[in-house]
Amino acid sequence: MPSIKNLEMAGAVSAYKNIEIKKSLFSTKVIFLPTQSRVKVFVMEYTPSEGERVARLLGMPCDKMAAALEKEGKPVAGANGHYRLEACLSDDRQFCALQLFCYVDFGYRASTEPLFYEGINAEVAARIL
Numbered sequence: 060m061p062s063i064k065n066l067e068m069a070g071a072v073s074a075y076k077n078i079e080i081k082k083s084l085f086s087t088k089v090i091f092l093p094t095q096s097r098v099k100v101f102v103m104e105y106t107p108s109e110g111e112r113v114a115r116l117l118g119m120p121c122d123k124m125a126a127a128l129e130k131e132g133k134p135v136a137g138a139n140g141h142y143r144l145e146a147c148l149s150d151d152r153q154f155c156a157l158q159l160f161c162y163v164d165f166g167y168r169a170s171t172e173p174l175f176y177e178g179i180n181a182e183v184a185a186r187i188l
């Protein structure tokens, strides 16, 4: 599993009001403060068509995102892709942070700003994963 330290959006996540980073000699734990739930990190890659679909989903309000995911299913991740999604998700699914990147000029560039979801909206956004 990837570490928070290796994410492009690590600074934004650590600065988020309801997140606490606990560092020790051998580990770094990310905690969602309202529920004291541990946050896990995910990195997923997508083909150009699936990546564009993820971008469209992230641009929608949560109610429309839920309807689109219900209708079309979640995007299919691949091994190596043109798009990379960085995600942080609490164990209780009450916090979710997502940021999409696109491969351009031999490197990944941010396609979206870091997006933060809490409560029911986090549960909806987590369906992308």
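Quick note on numbering: the sequence shown equals residues 60 to 188 in my numbering. For glycine and all other residues, C-beta sits at the position ideal for the given N, C-alpha and C. On a predicted model such as this, the values are computed, not experimentally measured, just so you know.
(1) Let me check understanding here. Comparing Cα to Cα, which of 95, 84, 99 and 70 lies closest to residue 62?
(2) Cβ atoms of residue 136 and residue 105: under 8 Å apart, would you say?
(3) Are residue 78 and residue 92 touching if we call contact CB-CB under 8 Å?
(4) Quick check: the segment 174-185 against the segment 156-163, are at least 3 beta-carbon pairs closer than 8 Å?
(5) What are the start and end residues of each continuous beta strand (DSSP E) run of 3 or more residues lying completely inside the segment 129-157, in chain order?
Well, looking at it:
(1) 99
(2) yes
(3) yes
(4) yes
(5) 142-149
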